[in-house]
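Working notes for the structure below.
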DNA sequence: TAATTTTACGTAAACGATGTCGTTGTACTT
DNA sequence: AAGTACAACGACATCGTTTACGTAAAATTA
């Protein structure tokens, strides 16, 4: 008991006793047993992080930031991938809550899955990243999807492109809906009649679909790609079809990736603060866990910026 | 007790009783308490994975594979980043072993850290990925670094380049030493006198150093970059200095990255089976955990392949 | 049929830390 | 000097599960 009090920093332990305990701990190489602590209801000092795909650049940057922020407060991170499958996601959440973790950071693949209600009803705090959920109220951290998409398409409009198409993937996600809405807003504002929205499924199947779009008689002169995967698919398709990007067809993507500077012409894209997203979400979750944050759930929206390079038709990279 | 037997699949439970228990479990929404199970020494069905940097493409692909293989056997994965700092790495291992995990997958930042002895001496199985350790014997899974580097440099030699330089980072790592050795072997075999080994530190500091190398009077006509970071730094430097890659200077990198196909000219690189590395290591670890693998430690070396594209001077991408 | 084994369950103890409470000793009142 | 307050510590029960063991009843054997 005295050892327990010493370790947990309770008062009522004389300095001499504390010293003796410390020495014994060192001598015996004693470490408190984590499992026993859990059994008495202590915090585990660990959080769970569930993302669709670890190897996606965007999520790997987010994960890195989460890890860093958590470690700074001596928290460990469980990382799991849902592979965009709600069933797997539900199983991962289940495993984590029972393991147990003190809180969960979730990039939900669906916003209306019924199981989401259950986890939020439990006493494990949840913060969603990137995408909010609809069936329950949680803290969430995201970015300005609609405004960001508008910025991107506005830039294409200013270049004078008349036929701006939108290419997306996973269009059922709220983030994607918002970006597509931004695309529409911009066209409406500019009073453009041409509107062409294409949803891609996977790298393999997108090839044919993109080739059709890019070689049609009435083909677009500019493309807005709503996420990094579709941006990359467009770049691939243009390269294969030998269509000059930034000259024959302009391209602006949503979500900037490091190597976009290395491509010729370099790729203009909306930059999301991926690392900050992870940091902010983690700090918020840890505050919830420690009870430092009592108010009802908050939704934090981080701003995005348009990083202008060459694929939009600008001669030199500006930002 | 009967419930415990039922759940753990012990014999000596009548079908009727089992059914009753199942119904009660469903009705009460009962889930065994993980902490209590840990306390009695059961397996946690979780493993730890420690990599230097999650956002590095290579490690994110490895992590993805580990996650997948583990999940297939109902194992959860703790992912932590050591940030190439032995102190952090030791702390992460400590946290994990006490948390507890059934086994650890480690990409060690150092091969001689004394703490490594301790963890191997403990009863938590360890499998190292990519880099072996020296101070203790563990299972390890890696790739043919020396032979792969030789393949790469041989290819440059065959092109007829006379002055082939080697650019690396973290040259103290055994993997890097092996690749540099492969570079030397190839030059020795070809009886080339020119030999220039440059170790880069970080993106920022590498700029000036690279510029000096690439603009010197006696500058190389080909470069072998020993990992993906240095390959990317070289590409950046060439682009900034307006030196034509594959024409003015050839480039072959070690570790292939998806976007190398999107760069003009596309980048020739030694492809490591990153996903397989993760799969093999995880399967091996799980076998150790389940006692299915009793023999002394094994070292698995996976083959690498040279993916020939254009930056080496070849006109068309072959592979 | 009686002795023995096997099956199906329950009971007690243990894992290691912590909350509660009781006990002792010290300092401070009045 | 006696009473009160509180500091410092230990004993005991507790968390939820499993291991070890006990005890019947059922099945098998002699």
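Chains as they are written, first to last, in the numbering used here: chain A, 14 to 332; chain B, 14 to 332. By construction, the Cβ of each residue, glycine as well, lies at the ideal position given by its N, Cα and C atoms.
{"Check": "Does residue 17(B) get closer than 7 Å to chain A when you measure Cβ to Cβ?", "Outcome": "no"}
{"Check": "Does the beta-carbon of residue 155(B) have 16 or more other beta-carbons within 10 angstroms, so that it is buried, or is it exposed?", "Outcome": "buried"}
{"Check": "Looking at C-alpha atoms only, which residue of 43(B), 192(B), 80(B) and 96(B) is the closest neighbour of residue 68(B)?", "Outcome": "96(B)"}
{"Check": "Spatial neighbours of residue 34(B) within its chain, please: C-beta separation below 7 Å, excluding the five flanking residues on both sides.", "Outcome": "15, 16 and 19"}
{"Check": "Kindly say whether residue 272(B), judged by its beta-carbon, lies nearer than 7 Å to any beta-carbon of chain A.", "Outcome": "yes"}
{"Check": "With H, G and I counted as helix, E and B as strand and the rest as coil, what does DSSP make of residue 210(A)?", "Outcome": "strand"}
{"Check": "Any idea which residues DSSP pairs residue 258(B) with across the strands?", "Outcome": "262(B)"}
{"Check": "In the segment 67 to 82 of chain A, which residues sit with their C-beta less than 7 Å from some C-beta in chain B, listed in chain order?", "Outcome": "67, 68, 73, 74, 76, 77 and 80"}
{"Check": "Listed in chain order, which residues of the segment 88 to 109 of chain B have Cβ atoms closer than 7 Å to some Cβ of chain A?", "Outcome": "89, 90, 91, 92, 93, 94 and 108"}
{"Check": "I'd like to check one pair, residue 108(B) with residue 41(A): are the Cβ atoms closer than 7 Å?", "Outcome": "no"}
{"Check": "If I measure Cβ to Cβ from residue 281(B) and keep anything under 6 Å in the same chain, skipping five residues before and after, which residues do I get?", "Outcome": "265, 321, 322, 324 and 325"}
{"Check": "What does DSSP give as the partner residue(s) for residue 116(A) in the beta ladder?", "Outcome": "60(A)"}
{"Check": "Between the segment 43 to 55 of chain A and chain B, which residues of the former have CB atoms less than 7 Å from a CB of the latter, in chain order?", "Outcome": "44, 47, 48, 49, 51 and 52"}
{"Check": "First and last residue of the alpha helix (DSSP H) that includes residue 216(B)?", "Outcome": "216 to 228"}
{"Check": "If the criterion is Cβ atoms closer than 7 Å, does the pair residue 148(A) and residue 130(A) meet it?", "Outcome": "yes"}
{"Check": "List, in chain order, every chain A residue whose beta-carbon is nearer than 8 Å to that of residue 275(B).", "Outcome": "245, 248, 249, 252, 272 and 276"}
{"Check": "Here's the rule: buried if 16 or more other CB atoms are within 10 angstroms of the residue's CB, otherwise exposed. What is residue 292(B)?", "Outcome": "buried"}
{"Check": "Does DSSP classify residue 277(A) as helix, strand or coil?", "Outcome": "coil"}
{"Check": "From this set, 104(A), 272(A) and 296(A), which residue's C-alpha is nearest residue 85(A)'s C-alpha?", "Outcome": "296(A)"}
{"Check": "Using the beta-carbon count (16 or more within 10 Å), is residue 285(B) buried or exposed?", "Outcome": "buried"}
{"Check": "One question on the structure: do residue 191(A) and residue 159(A) come within less than 7 Å of each other, judged by their Cβ atoms?", "Outcome": "yes"}
{"Check": "Can you tell me where the alpha helix (DSSP H) holding residue 100(A) begins and where it ends?", "Outcome": "99 to 111"}
{"Check": "What would DSSP say about residue 140(A), mapped onto helix, strand or coil?", "Outcome": "strand"}
{"Check": "Would you mind telling me which residues of chain B sit closer than 9 Å to residue 111(A), beta carbon to beta carbon, in chain order?", "Outcome": "44, 45, 46 and 47"}
{"Check": "In the DSSP assignment, what residue or residues form a beta bridge with residue 54(A)?", "Outcome": "Residue 54(A) is not bridged to any residue."}
{"Check": "Look at the Cβ atom of residue 262(B), then the Cβ atom of residue 256(B), and state whether they are nearer than 7 Å.", "Outcome": "yes"}
{"Check": "May I ask you to check if the CB of residue 105(A) is nearer than 6 Å to at least one heavy atom of the ligand HEM?", "Outcome": "The model depicted lacks the ligand HEM and carries no ligand whatsoever."}
{"Check": "Assuming residue 13(A) and residue 220(A) make a contact with CB atoms under 8 Å, what is their CB distance in whole Å?", "Outcome": "Absent from the model: residue 13(A). The displayed extent of chain A is 14 to 332, so no value can be given."}
{"Check": "May I have the straight-line CA-CA distance separating residue 50(A) from residue 270(A), to the nearest angstrom?", "Outcome": "43 Å"}
{"Check": "Tell me whether residue 312(B) sits in a helix, a strand or coil according to DSSP, three-state version.", "Outcome": "strand"}
{"Check": "Which one of 92(A), 215(A), 172(A) and 309(A) has the shortest CA to CA distance from residue 61(B)?", "Outcome": "92(A)"}
{"Check": "Beta-carbon within less than 7 Å of residue 228(A)'s beta-carbon, same chain only, minus the 5 sequence neighbours each way: which residues are those?", "Outcome": "254"}
{"Check": "So residue 157(B) and residue 317(B) are supposed to be a Cβ contact under 8 Å. How far apart are they, rounded?", "Outcome": "5 Å"}
{"Check": "One question on the structure: do residue 163(A) and residue 215(A) come within less than 7 Å of each other, judged by their Cβ atoms?", "Outcome": "no"}
{"Check": "Using the Cα positions of residue 122(A) and residue 104(A), report the straight-line distance between them to the nearest angstrom.", "Outcome": "13 Å"}
{"Check": "Residue 328(B) bridges to which residues according to DSSP?", "Outcome": "Note: residue 328(B) sits in no beta bridge, so no partner."}
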